[in-house]
Structures are given as C-alpha cells and as structure tokens.
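Asker: Got a structure here, written out as structure tokens. Questions coming.
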C-alpha cells in the first residue's frame with residue numbers, strides 16, 4: 014500500500030509529520046475501569062477490549078497541516094479485537110471455504126516495492142496477489158509463509174473475510190484505542206521505535222532511503238505476526254509491519270467535524286457515511302524516517318477500497 018501523498022494509482026496517503034507527536038501531550042491515554050482480557054476456546058484469537066474514553070488524534074505543531082488533528086475525546090463501548098493480524102494461513106482457509114477471488118486477482122496485478130526503489134515509488138506487478146505479493150518474483154524477494162500477515166488484500170477483501178468470520182473491521186477510533194492500550198506516547202512502549210530493552214519495537218524501514226534497509230531486526234519486508242512483543246493489552250503489531258484497514262471512509266476533516274459537533278466527547282464514531290477512500294492505520298515495513306514517518310499510533314493513511322498493495326493487511330473486530 015502506498016504511503017505517500019504523491020504515490021501513484023491512489024496509493025496510501027500518509028500523514029506528513031508524525032514526529033510532531035513526540036512530547037505533544039495531547040494524545041491518547043485510555044480511561045478504563047477494567048483490563049483487556051483474552052478469550053478462550055474458538056475465540057482464543059480475540060482480546061476483549063474494555064469500554065472507555067481516550068483522546069484520538071493530536072495537536073502537534075504541524076497537526077493543522079495533516080489529517081491527524083485536532084485531538085478530541087472519544088468514548089467507546091466494549092468490543093473485541095483479534096490479537097494478531099490476519100495471517101496467510103487464515104486467509105487461505107477463507108478462500109478454500111468460499112472460493113473468494115480477491116481484488117488483485119480480478120484485476121490481474123498489484124502494487125509492490127523492493128529494496129533499491131526510490132522513495133514514494135511503486136511498481137505495478139502482473140500476477141501479484143495474496144498468494145504471491147511480488148508475483149513470480151516472490152520466491153526470490155520474500156518467500157510466502159503461513160505466519161506472515163496476509164497482504165495484497167484490498168479493503169473489499171478484508172471486509173469479506175471479516176464477514177465470513179462473523180466479525181467486522183474495527184472503526185478507526187477502536188483501532189487507535191486498542192493499540193494505545195492506555196499509552197500517551199508515539200508507540201505503546203515510548204517515543205522511540207526501539208523498546209526500552211534495546212530491541213526493535215516494530216517492523217519499519219531501517220534505512221535513510223529505500224535504497225537500503227539495515228534490517229537490524231532481521232526483516233526487510235513483512236515479518237511474522239508475533240515477531241514483536243504485544244502491547245499492554247496483548248495485541249501484536251500495534252504499529253508498523255503492514256498498514257491495517259479500518260472500517261471508516263476517509264475525510265481530511267473528520268476529526269475536526271467530530272470535535273466541533275461533540276465537544277464533550279463523541280461516542281462510538283463511525284466516520285463519514287460515504288467517501289472515495291478508506292482509512293488504513295499504523296504504517297508499515299515500507300515506511301522510513303525520511304520518506305513518511307508513517308509508523309505510529311496516530312498515523313492515518315487512505316486508499317481506494319479496491320486497491321491492493323504488498324504492505325497492507327488487516328485484523329477483525331467483533
């Protein structure tokens with residue numbers, strides 16, 4: 014999924030200045046009365062997220078130049094969210110059971126990126142799909158694995174999978190609330206991509222440009238869904254790895270409209286009733302410090318609901 018405002022073919026549009034988050038003091042902490050809890054049995058992949066209120070968005074120095082502000086209070090009912098991103102194995106089971114054909118398979122192509130490409134560059138690859146995100150080059154570039162997050166899936170594909178599971182995509186507000194798990198920092202563990210113990214906290218592009226990736230965490234592209242420690246509520250990949258589809262239609266002023274209409278706090282926001290683009294959150298492995306700063310808890314992106322990229326995925330809610 015594209016992470017820049019200049020990306021071609023409706024690629025993902027990322028916020029321009031996530032760095033302004035650091036120290037802004039206007040984001041997040043959840044006000045809850047109970048802790049999140051894992052489910053059991055057939056629902057063991059779900060985490061029960063408690064009802065609560067938090068501050069969505071931020072008021073950093075450049076928030077007025079992005080779509081990440083203003084910060085405003087959101088009140089949410091309890092819900093459930095999948096512990097990890099949907100994997101290749103899980104999506105394969107869906108396709109086997111339903112015969113579903115994805116957007117990329119119907120179109121015959123998808124958008125990909127590899128080491129050595131210029132910042133903001135994307136390549137149209139014939140035959141790219143969830144089975145082989147880099148088309149026939151997949152075995153050489155990044156061999157597919159069952160424990161990787163499924164990618165090259167559009168919003169339409171993600172919605173179809175979640176419905177098949179008797180679930181749904183989370184709202185944008187639910188996603189940020191759950192990924193924060195009470196944190197007020199850029200990441201659930203602090204303001205640096207590196208965790209306090211010195212280990213990488215997320216999968217992002219570790220290079221000044223896309224011509225190289227230091228891959229100090231061992232992953233150039235997507236990483237298996239439980240590679241990094243979860244947040245305080247047990248959710249893996251709260252930022253980075255792959256962009257995560259949410260249910261909301263995109264509007265640049267969505268936060269401003271909610272803040273103006275509900276100064277006391279908006280309850281269970283659903284986003285605009287219609288639009289051209291759908292929102293994705295969290296950033297991905299393709300985001301470098303120079304190209305987009307697009308990894309973190311307030312990062313918003315957008316793209317067409319039928320577009321498929323090698324760095325977009327999802328998880329379901331209930």
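Numbering (the working numbering), first residue to last: 14 to 331. We put the CB at the ideal spot given by N, CA and C, even for glycine.
Can you tell which of 87, 166, 308 and 93 has its C-alpha closest to the C-alpha of residue 121?
Answerer: Numbered from 1 along the chain shown, position 108 holds the residue referred to as residue 121. Taking only the C-alpha atoms, the option nearest residue 121 is 166.
Asker: Whose CA, out of 277, 175, 50 and 236, lies closest to the CA of residue 297?
Answerer: Position 284 of the chain shown, counted from the first residue, corresponds to residue 297. Residue 236 is the option with its Cα nearest to residue 297.
Asker: Can you give me the C-alpha to C-alpha distance between residue 92 and residue 276, rounded to a whole angstrom?
Answerer: Walking along the chain shown from the start, residue 92 turns up at place 79. Walking along the chain shown from the start, residue 276 turns up at place 263. So the two alpha carbons sit approximately 24 Å from each other.
Asker: Taking its Cβ as the centre, do 16 or more other Cβ atoms sit within 10 Å of residue 31, making it buried, or is it exposed?
Answerer: For the purposes of this step, residue 31 is taken as the residue at position 18 of the chain shown. In this prediction, residue 31 scores a pLDDT of 29, lower than 50, which makes its location untrustworthy; the coordinate-derived value is nonetheless stated afterwards. Residue 31 comes out buried.
Asker: I think residue 159 touches residue 100, with their Cβ atoms under 8 Å apart; what is that distance to the nearest whole Å?
Answerer: In the chain shown, counting from the first residue as 1, residue 159 sits at position 146. In the chain shown, counting from the first residue as 1, residue 100 sits at position 87. With a Cβ gap of about 6 Å, residue 159 and residue 100 count as contacting.
Asker: Can you tell me whether residue 224 is buried or exposed? The criterion is at least 16 other CB atoms within 10 Å of its CB, across all chains shown.
Answerer: On the chain shown, position 211 is the one that residue 224 refers to. Answer is exposed; the Cβ neighbour count stays below 16.
Asker: If we ignore side chains and look at the alpha-carbon of each, how far apart do residue 164 and residue 125 end up?
Answerer: Reading the chain shown from its first residue, position 151 is the one you call residue 164. Reading the chain shown from its first residue, position 112 is the one you call residue 125. Roughly 10 Å separates the two Cα atoms.
Asker: Pull up the distance between the alpha-carbon of residue 116 and that of residue 108, whole angstroms please.
Answerer: The count along the chain shown starts at 1 and reaches residue 116 at position 103. The count along the chain shown starts at 1 and reaches residue 108 at position 95. Near 13 Å, if we compare the C-alpha coordinates of residue 108 and residue 116.
Asker: Report, in whole angstroms, the separation of the C-beta atoms of residue 214 and residue 232, which I expect to be a contact under 8 Å.
Answerer: Translated into the one-based positions of the chain shown, residue 214 becomes position 201. Translated into the one-based positions of the chain shown, residue 232 becomes position 219. About 13 Å separates the two Cβ atoms, so there is no contact after all.
Asker: Quick check: what's the CA-CA separation for residue 250 versus residue 310?
Answerer: Within the chain shown, the letter at position 237 stands for residue 250. Within the chain shown, the letter at position 297 stands for residue 310. So the alpha carbons of these two residues sit roughly 11 Å apart.
Asker: On a CA-only basis, which of 84, 152, 97 and 177 is nearest residue 368? Give me that one, please.
Answerer: Not covered by the structure: residue 368. The range shown for the chain is 14 to 331.
Asker: So residue 195 and residue 66 are in contact, right, with Cβ under 8 Å, and what is the actual spacing, rounded?
Answerer: Along the chain shown, one-based indexing puts residue 195 at 182. Along the chain shown, one-based indexing puts residue 66 at 53. With a Cβ gap of about 11 Å, residue 195 and residue 66 do not count as contacting.
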